[in-house]
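Chemist:
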Amino acid sequence: MLTTALILFPIAAALVVAILPLPRETTAGLALLAALMEVGLWITAVTQFDFDDGSLQLGTTREWVESLGISYSVGFYGFSLWLVGASVVVFAAAIGYALWAGRERTRAYHALMLLLLGAVVATFTAQDLLLFYAAFELMLIPLYVLVGVWGGERRQAATVTFVIYTMAGSLLMLASVVAFGVTQGTFSLTAGETSDNVWIFLGFAIAFAVKAPLFPFHGWLPLAYREAPVEVAAVLSAVVSKTAIYGFIRIGLESFPEPADDLSGLILVLACAGLVYGSLLAFRAPDLRGVIAYSSMAQMGLITVGVFAFDDLGLDGAILQSVAHGLVSASMFLLVGMVERRCGTSDVDALGGMARGRPSLTTVVLIAGLIALAVPGSATFAGEFLIMAGAYDQGWGYSVVVALGIVLAAMYTLRVISAILHVEPGRAVRKEALDLRPGELALVLPLLLLLLGLSVWPAVVSQSAFAASTLAEILP
Amino acid sequence: MIDTPTVDWLALSPTIALLAAAGIALLSVLLPPWMRKGVSAGVALVGFVVAAGLAGWVFDESAAPEALLEGSMVRDQLAALAQLILAVTGAAVVLASWGERRRENHAEYYALLATAGAGMVFFVGAGDLMTLFLGLEWFSLCLYVLVAFDNERETSLEAGLKYLIVGGLGSAVLLFGSALVYGATSELSFGAIASADVASDAFLYAGLAMILAGLAFKVSAAPFHMWTPDVYQGSPTALTAFMSAATKVAALVITLRILVTAFPAQANVWTIAVAVLAAISLVWGNLGALAQRDLKRILAYSSISHAGFMLMAVAANTALGGEALLYYLVPYCAMSVGAFAVVAARERELQAPVTLESLAGMGWERPYHGIALWIFMLGMAGFPLTGGLFGKLFVFSAAYDAGDWWLVLVGVAATAVSLGYYLNVVRWLYMRTGTELRVALAGGSPPRDSALNVAIAAAVAVTIGSFFVVQPILDAASDAAASLPF
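Line by line, the protein sequences give chains A and B. Numbering follows this note's numbering, in which position 378 of the first sequence is assigned residue number 378; successive positions increment by one, without gaps. Numbering follows this note's numbering, in which position 442 of the second sequence is assigned residue number 1442; successive positions increment by one, without gaps.
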């Protein structure tokens, strides 16, 4: 029941926010309150969850279309609980940022954000293929409008490419859902049906590869991440991209064990290519948003390596890294947004020298940056290390590429830090640009504190993501 | 003394109710002018609602199919369900027509609308080639007049003429095909054709092809669609809603019925023919829609592509396909009527044809209509939280199940292309503002039109409701499909 509540509460809140004709601040405040209550709901779910039990928990199953074997079936496994956790926290921060930034057309904006939250939670908890497809698609509707209405100058081009890429993937997935459901006679993921049809698997894999995005399906990424409102970009890179990871694990590995194994070499190579290529692009990107966008693509490649390592270390690392990267990239995007509001641009050339006289900004950017570049001791380091160790079994070459990825991450992250904080004050940085306000700190600090906590104790996620029985099911 | 056949009045009751409504609506010309519109529209609305109720009753009472009047009519759940959908659609169209600015001839308009509805309701129950043609001409003649009804508008006259000529051609082809089939089998009733000794295969196949072509005109399946965009654009908008929804229901249901009951032995041929028609409609409808600027033309091409989706279900030639078709019709009718109703509202507000440009910023200025149109567009594209998703899913499932996996891929590609224009409408609604394009704004508040808004609300409710309440609709659809001999 709790899972259903986690899905329906934000959607109900979206309706309330959309319909009640309240003043702007009240509307935005109401949305933030709803997002925080969603975090509270999630904490309740954690307290009730038994991490040693590998079965589906806190779930609900209702018949939907009996004659075709479609059901409304939702519930949590350990890893989906953590992914949802990162989502609700990031959404609360993003909605808080929107409140602080005072988005126009407040009611529509916040209603769409909350609807998106509901769709994301539904995607992470769906245990029926059709429900998963519906939730996966539903995410696109608010995203399309959020980017297209509140985005930057080239928002229309951004939405068009974003939608074409995503829908091309999703529709292939629809064909696969139909083929899987019709041949198996059920759409349920809990029935334990598996398929060895490579084509059906490919339909899913391409949809997830676009959503992540993995190289070479990342054509939509730079425009979408640059043109989206910054908190929407944060949600895209931190949360929405992780639905692909969930899909790879829950559907790719569990329902298609043989095709996933057969194609793991190809996927690993693409993921590694994306890791290196994304990192290099991030190093060369002329603006902060570009850096974070491409680094996000690199990190998704890394996480995919963990998933297709077919190894418990790799899977644990993938989930830990998903959570950690979600929190890091959300904080980085929000920080970029705060810099953009002060300087009017995120061009690396035009920035610089903001450290002087702005201690809060300096501290926060440094902490976020250090975690992003995976200094030893950070949560991201733990995640990357686990993935590297897990990938070793598949071939030492993959581990080398992962290690290379860590080095490249250090390069582009240091570039971001120095571009904002150090060197000479850039032409866009005005003397009177303020340090971070308490309101802004209140948005970023919780994310960073969670990251620090996760750095101290990464095992809280990595040890509880998969119960032993789940792992036995996933791994061949 | 001649033996009169026993008449099953209950089975005919939906038709009779609509005919009675038409007759009473016509009598309203005897009233003072200010009462005519209200009385005739009210009577037509009551007629459609009563017909819907009666069709529901017939559906309940007809567990087993029954031949009526020497096999010329059929009483079964397929016909009853189609009649129910038709009647509800008609009622929504009456509501959407209410605000049409027309100085006179209200009584004639609503009477013709009810008569056209009666013809369709009769048509879906046809059991032999005679009643098939009779029903087709009955509702077609009403529609020819209705399309040209706003005779002070040039486009309306032009559309009427076009529809008359092309529709007449379609009817003639159908009639010729029927004659050939009769020549080959010496039988008129569908069931008897299936079991008759075939004198000449060539005649039979030629007749089958011509019947299929004639029906494809009414379904507006490509390549028999060329009248559709012009006629949809030129007709009074509320009537376009009726044609795009109800005509398709009637024509598709009867296509399914005649192919399955009269030509089971030729299934290997017509399944391929229908699959090809579906594929062409999908490709042509979607590509055509991309190039349009006028919203009614976009929706016309979109209706061609939906005809393609629904023909996919017919091509499956299975009970699953029949279910998929009947399910698809429910959200499709709602989205189609709803979308045209929003167009009608915008048209009445701007007093000009609705193009994409004239939608600019409408989502923000007229939130109710904007959200409704948004929902209809997403539904037609098959997005979740609308019945359109399940419609596509069932149709694809039926096609895949029947082995037409290539058709599924065509459908998927067509859906991808269709996003190009459906989301474009959403883009114009929300992401462009009228001021930046310097489009003449209507300003102020739109004309109040509660009847139209009720119709839109009902359409939204059905579009979204059919996503959550799938099983009951599917049960009814599977009962209806069970009355055909798959």
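Cβ coordinates follow ideal geometry from the N, Cα and C atoms, glycine included.
Using the beta-carbon count (16 or more within 10 Å), is B/Val1460 buried or exposed?
Modeler: It is buried - the Cβ of B/Val1460 has at least 16 other Cβ atoms within 10 Å.
Chemist: Assign A/Asp316 to one of two classes, buried (16 or more other C-beta atoms within 10 Å of its C-beta) or exposed (fewer than that).
Modeler: Buried, by the Cβ-count rule.
Chemist: In chain B, what lies closer than 7 Å to A/Ala145 by C-beta?
Modeler: Checking the displayed sequence, the identity of residue 145 of chain A turns out to be Val instead of Ala. Going along chain B in sequence order, the residues near A/Val145 (Cβ under 7 Å) are Tyr1430.
Chemist: Shorter than 8 Å from the beta carbon of B/Leu1423 to some beta carbon of chain A?
Modeler: It does: the Cβ of B/Leu1423 has a partner Cβ on chain A nearer than 8 Å.
Chemist: What residues from the segment 1035-1060 of chain B come within 9 Å of chain A, judged by C-beta to C-beta, listed N to C?
Modeler: Taking 9 Å as the Cβ-Cβ cut-off against chain A, none of the residues of the segment 1035-1060 of chain B qualify.
Chemist: Taking 7 Å as the cut-off, is the C-beta of B/Ser1478 nearer than that to any heavy atom in the ligand NAD?
Modeler: With respect to the ligand NAD, the structure shown offers nothing to examine, as it has no ligands at all.
Chemist: Chain B partners of A/Trp64, CB-CB under 9 Å?
Modeler: Near A/Trp64 (Cβ distances below 9 Å), the residues of chain B are Phe1468, Val1470, Gln1471.
Chemist: Check whether the Cβ of B/Leu1474 lies closer than 8 Å to any Cβ atom in chain A.
Modeler: B/Leu1474 counts as touching chain A.
Chemist: Taking Cβ-Cβ distances below 8 Å as the criterion, which residues of the segment 165-176 of chain A are in contact with chain B?
Modeler: Those residues of the segment 165-176 of chain A that come within reach of chain B (Cβ to Cβ, closer than 8 Å) are Met167, Ala168, Leu171, Leu172, Leu174, Ala175.
Chemist: Name the DSSP bridge partner or partners of A/Gln57?
Modeler: For A/Gln57, which the question treats as bridged, DSSP gives the partners A/Phe76.
Chemist: Report the residue from A/Asp52, A/Arg24, A/Leu41, A/Leu2 whose alpha carbon sits nearest the alpha carbon of A/Ala468.
Modeler: For A/Ala468, the nearest C-alpha among the options comes from A/Asp52.
Chemist: What whole-angstrom Cβ distance do B/Ala1216 and B/Ala1262 have, given they're in contact under 8 Å?
Modeler: Going by Cβ atoms, the distance from B/Ala1216 to B/Ala1262 rounds to 16 Å, so no, they are not a contact pair.
Chemist: What residues from chain B crowd round A/Pro130, counting only those whose CB sits closer than 8 Å?
Modeler: Looking at the sequence itself, residue 130 of chain A is Leu, so the reference to Pro does not match. Going along chain B in sequence order, the residues near A/Leu130 (Cβ under 8 Å) are Leu1393.
Chemist: Contact criterion: CB-CB distance below 8 Å. Does B/Val1408 meet it with respect to chain A?
Modeler: Cβ-Cβ to chain A under 8 Å: yes for B/Val1408.
Chemist: What is the C-beta distance between A/Phe333 and A/Val230, in whole angstroms, given that I count them as a contact (C-beta under 8 Å)?
Modeler: Contact holds; Cβ gap of about 6 Å.
Chemist: With B/Arg1075 as the anchor, note down where its beta strand (DSSP E) starts and where it stops.
Modeler: Its beta strand (DSSP E) spans residues 1073-1075.
Chemist: Can you check whether the C-beta of B/Phe1396 is within less than 8 Å of a C-beta belonging to chain A?
Modeler: Output row for B/Phe1396: interface = yes.
Chemist: Step through the CB atoms of chain A and report whether any lies within less than 8 Å of the CB of B/Ala977.
Modeler: No information on residue 977 of chain B is available, as it lies outside the stretch 1001 to 1486 that chain B covers here.
Chemist: Can you list, in chain order, the residues of its chain with a C-beta nearer than 6 Å to that of B/Gln1471? Leave out the 5 residues immediately preceding and following it.
Modeler: Cβ within range, chain order: n/a, list empty.
Chemist: Roughly how many angstroms lie between the CA atoms of A/Leu263 and A/Ser279, to the nearest whole one?
Modeler: Straight-line Cα distance between these residues: approximately 24 Å.
Chemist: How long is the line joining the alpha carbons of B/Leu1407 and B/Ile1375, rounded to whole angstroms?
Modeler: Cα to Cα, the separation comes out at about 27 Å.
Chemist: So, at 7 Å on beta carbons, what are the nonlocal neighbours of A/Leu81 in its own chain, with the 5 sequence-adjacent residues on each side left out?
Modeler: So the list reads Ala45, Val46, Phe49, once near-sequence residues are dropped.
Chemist: From what residue to what residue does the alpha helix (DSSP H) around B/Leu1389 run?
Modeler: Here the alpha helix (DSSP H) through B/Leu1389 covers 1387-1401.
Chemist: Evaluate B/Trp1034 with the Cβ neighbour count: other Cβ atoms within 10 Å of its Cβ, from every protein chain shown; 16 or more gives buried, anything less gives exposed.
Modeler: The residue is exposed, with fewer than 16 neighbouring Cβ atoms inside 10 Å.
Chemist: Hey, how far is the Cα of A/Gly395 from the Cα of B/Ala1300?
Modeler: For A/Gly395 and B/Ala1300, the distance between alpha carbons rounds to 57 Å.
Chemist: The alpha helix (DSSP H) with A/Glu440 in it runs from where to where?
Modeler: That run of the alpha helix (DSSP H) goes 438-456.
Chemist: By alpha-carbon positions, which one of A/Ala282, A/Phe385, A/Tyr398 ends up nearest to A/Met411?
Modeler: It is A/Ala282 whose Cα lies nearest to the Cα of A/Met411.
Chemist: Looking only at DSSP bridge pairs, what is A/Ser71 linked to?
Modeler: DSSP lists A/Glu63 as partners of A/Ser71.
Chemist: What first and last residue would you give for the alpha helix (DSSP H) that runs through B/Glu1349?
Modeler: That run of the alpha helix (DSSP H) goes 1319-1350.
Chemist: Fully enclosed by the segment 173-254 of chain A, which alpha helix (DSSP H) runs are 4 residues long or longer?
Modeler: As far as the segment 173-254 of chain A is concerned, its whole alpha helix (DSSP H) runs of at least 4 residues are 198-211, 221-227, 230-235, 242-247.
Chemist: Run through DSSP, which three-state label would A/Leu366 get?
Modeler: It is helical.
Chemist: With the cut-off set at 8 Å, would you say A/Leu115 and A/Leu32 are in Cβ contact?
Modeler: No.
Chemist: Looking at the C-beta of B/Arg1229, does it have a partner C-beta in chain A at a distance below 8 Å?
Modeler: A small fix is needed here, since residue 1229 of chain B is Pro in this sequence, not Arg. Closer than 8 Å: no.
Chemist: Who are the neighbours of A/Ala5 on chain D, taking C-beta pairs under 9 Å?
Modeler: Of the protein chains in the structure, A and B, none is chain D.
Chemist: Under the three-state reduction of DSSP, which class applies to B/Glu1066: helix, strand or coil?
Modeler: Three-state DSSP puts B/Glu1066 in a strand.
Chemist: Does A/Glu432 get closer than 8 Å to chain B when you measure Cβ to Cβ?
Modeler: For A/Glu432, the answer is no, since every Cβ of chain B falls outside 8 Å of its Cβ.
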